[in-house]
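Notes for the one structure printed next.
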Amino acid sequence: MADIPVFKPLIGPDEIAAAVQSLEMGWLGMGSYVAEFEQHVASVINAPDRHVAAVSTGTAALHIALLVAGVGPGDEVIVSAFNCSADYQAISWVGADIVFCDCDDDTLELDIVKAESLVSENTKAIIIMDYDCIISDYDQVEIFANKHNLRVIHDACHSFGSSWNGKMIGSYSDICVFSFDPVKTITCLDGGGVVVRSAEELKYVHELRLLGMQQPADVMYQNKRAWTFDVERVGFRYHMLNLHAAIGVAQIKKLKDIRSSRQNASKHYSDRLRAVPQVRTPNASFEEVNPFLYYIRVAKDDRDELRDYLKERSIDTGIHWQPGHWFSLWKDCRKCDLSVTDTVGDEILSLPLHSMMEMETVNRVCDAVAEFFSNGKS
Ligand SMILES: Cc1ncc(COP(=O)(O)O)c(C=O)c1O
Numbered sequence: 023m024a025d026i027p028v029f030k031p032l033i034g035p036d037e038i039a040a041a042v043q044s045l046e047m048g049w050l051g052m053g054s055y056v057a058e059f060e061q062h063v064a065s066v067i068n069a070p071d072r073h074v075a076a077v078s079t080g081t082a083a084l085h086i087a088l089l090v091a092g093v094g095p096g097d098e099v100i101v102s103a104f105n106c107s108a109d110y111q112a113i114s115w116v117g118a119d120i121v122f123c124d125c126d127d128d129t130l131e132l133d134i135v136k137a138e139s140l141v142s143e144n145t146k147a148i149i150i151m152d153y154d155c156i157i158s159d160y161d162q163v164e165i166f167a168n169k170h171n172l173r174v175i176h177d178a179c180h181s182f183g184s185s186w187n188g189k190m191i192g193s194y195s196d197i198c199v200f201s202f203d204p205v206k207t208i209t210c211l212d213g214g215g216v217v218v219r220s221a222e223e224l225k226y227v228h229e230l231r232l233l234g235m236q237q238p239a240d241v242m243y244q245n246k247r248a249w250t251f252d253v254e255r256v257g258f259r260y261h262m263l264n265l266h267a268a269i270g271v272a273q274i275k276k277l278k279d280i281r282s283s284r285q286n287a288s289k290h291y292s293d294r295l296r297a298v299p300q301v302r303t304p305n306a307s308f309e310e311v312n313p314f315l316y317y318i319r320v321a322k323d324d325r326d327e328l329r330d331y332l333k334e335r336s337i338d339t340g341i342h343w344q345p346g347h348w349f350s351l352w353k354d355c356r357k358c359d360l361s362v363t364d365t366v367g368d369e370i371l372s373l374p375l376h377s378m379m380e381m382e383t384v385n386r387v388c389d390a391v392a393e394f395f396s397n398g399k400s
């Protein structure tokens with residue numbers, strides 16, 4: 023029986039042709055393909071008042087976003103303990119302190135009510151994150167941020183191409199961050215995006231992504247470089263390469279089909295698995311989203327056994343994620359009651375989800391999950 027991986031990249035002739043063309047162009051660094059990719063991202067998010075910068079990874083985008091938000095040593099950043107390690111590392115890179123908030127049991131988003139108890143005079147920013155098919159309630163977040171005078175970093179690494187209440191992700195938040203890494207719905211091999219509100223912030227992002235060099239992006243976008251420029255600040259080597267952008271352009275042109283295929287597979291999973299009483303499916307209609315994962319929750323005592331059972335049937339699964347405060351490095355960070363996150367960390371399980379996934383494959387996974395529980399589990 024063929025293996026079913028948890029992630030599967032959609033790399034076909036278009037991506038390979040784009041990669042070859044970009045290599046043959048003879049300009050391997052940041053160049054014209056990066057400009058083209060940024061234009062495609064801007065047109066997807068559909069926000070003429072926002073500015074998009076492509077960077078090397080989603081983690082680099084988070085690092086840059088925190089710097090744009092003015093977060094530095096001595097500041098605190100409130101973040102869900104149910105998040106990706108990248109967010110915690112980026113907070114550490116700017117010298118700030120991580121403050122862990124619990125997540126909501128239903129949506130798995132940061133619990134904004136519990137966040138109230140975590141605000142201190144050092145709180146500078148809050149990171150919210152759209153987990154898979156559920157988008158953060160930005161209205162609530164905005165009220166909270168305005169009340170406490172905080173910048174908001176919207177980690178939309180899972181939700182590129184999704185919308186919330188009819189508004190595209192990236193079009194409404196304070197600073198928004200995307201990932202185009204190897205397993206994301208749109209991949210550049212590796213890549214990220216930062217969306218900011220003003221030309222001044224964009225200029226800052228451009229300097230941060232390329233060694234602080236005050237080199238106009240427009241020059242590089244013509245596959246040229248200025249040989250004289252000033253450097254006024256510390257910067258990083260976070261720019262996107264032409265090869266990566268070229269693959270991203272080929273991918274993004276398929277966004278509509280990618281999104282609808284992932285929606286259909288996710289809906290089918292939920293329709294089938296809702297009939298299995300031991301399985302908790304996402305509370306989502308999938309109508310507005312471009313789902314990155316398909317997750318379920320099962321009792322702690324069943325989860326690892328179910329993983330093994332599926333593995334024996336050549337079905338791979340994932341755990342997104344182990345909570346942040348479970349890691350040695352972050353166990354002592356300031357936190358509120360994290361009981362929901364602890365439970366979610368024990369129960370969460372990602373099932374295989376691919377672009378253009380065959381329903382037959384989804385059915386094979388659903389059959390195996392149903393079979394596991396009908397064999398007397400829980
Ligand atoms: C929620 C979230 N934030 C940030 C990242 C980091 O993105 P990247 O892998 O592009 O560095 C990821 C990657 O999986 C993620 O899932």
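The sequence shown stops at residue 400 when you use this note's numbering, and every number in between is there.
Glycine included, each C-beta is placed from N, C-alpha and C at the ideal position.
Small disclaimer: the values here were computed from a predicted structure and weren't measured.
For residue i, which of helix, strand or coil comes out of DSSP?
| i | result |
| --- | --- |
| L461 | This structure does not reach residue 461, given that the chain is present from 23 up to 400, and the question cannot be answered. |
| F395 | helix |
| S350 | helix |
| E98 | strand |
| V253 | strand |
| V298 | coil |
| M235 | strand |
| A268 | helix |
| Y317 | strand |
| D329 | The sequence as given places Arg at residue 329; Asp does not occur at that position. Three-state result, R329: helix. |
| R284 | helix |
| H342 | coil |
| I6 | A query on residue 6 cannot be resolved here, the shown segment of the chain reaching from 23 to 400 and no further. |
| I38 | helix |
| I274 | helix |
| K289 | helix |
| K246 | coil |
| K146 | strand |
Judging by CA-CA distance, which residue of the options is the nearest neighbour of residue i?
| i | options | result |
| --- | --- | --- |
| D126 | V93, A57, V253, A103 | A103 |
| G53 | D279, K357, G92, A239 | A239 |
| E380 | V301, S288, S336, R325 | S288 |
| A91 | S220, M235, K322 | S220 |
| Y194 | V116, N144, W352, Y160 | Y160 |
| A268 | P35, M235, A41 | A41 |
| I26 | Y317, R231, E334, W348 | E334 |
| R281 | V311, A272, A297, G257 | V311 |
| E60 | L89, I113, M262, L84 | M262 |
| C123 | K357, K30, V93 | K357 |
| V366 | R302, E58, D338 | R302 |
| L328 | Q162, V391, T81 | V391 |
| V116 | F166, A87, G94 | G94 |
| N171 | D128, E98, Q237 | E98 |
| W352 | A24, A321, T250, A108 | A108 |
| S158 | N105, I120, L88, S283 | N105 |
| H317 | P299, L295, E309 | The sequence as given places Tyr at residue 317; His does not occur at that position. That would be L295, whose Cα lies nearest to the Cα of Y317. |
| Y291 | S114, T209, V66, F308 | F308 |
| I274 | V56, T145, F29 | V56 |
| E254 | N68, Q237, D389 | Q237 |
| A112 | L140, L332, I148 | I148 |
| K146 | V163, D128, A167 | A167 |
| I208 | N187, E37, E382 | E37 |
| V121 | T129, Y110, D128 | Y110 |
| V101 | T383, E369, H347 | H347 |
| D128 | G96, D293, V141, P304 | P304 |
| D279 | S114, M378, A39, S142 | M378 |
| I175 | E229, G80, N245, S139 | G80 |
How about the region 215 to 225 and the region 65 to 74: do they share at least three Cβ pairs that are nearer than 8 Å? yes
Ignoring anything shorter than 3 residues or poking outside the region 150 to 227, list the beta strand (DSSP E) runs there in chain order. Entirely contained in the region 150 to 227, the beta strand (DSSP E) runs reaching 3 residues are, in chain order, 173 to 177, 197 to 201, 214 to 218.
Contact between the region 177 to 188 and the region 149 to 157: three or more CB pairs below 8 Å? yes
Between the region 353 to 367 and the region 120 to 140, do three or more beta carbon pairs fall short of 8 Å? yes
Validate contact between the region 185 to 201 and the region 210 to 217 using beta carbons, cut 8 Å, 3 pairs: yes
Only counting runs of 3 or more residues, tell me where the beta strand (DSSP E) segments fall wholly within the region 351 to 391, in order along the chain. 370 to 373
What beta strand (DSSP E) runs, 3 residues minimum, are completely inside the region 46 to 123? 73 to 77, 98 to 102, 119 to 123
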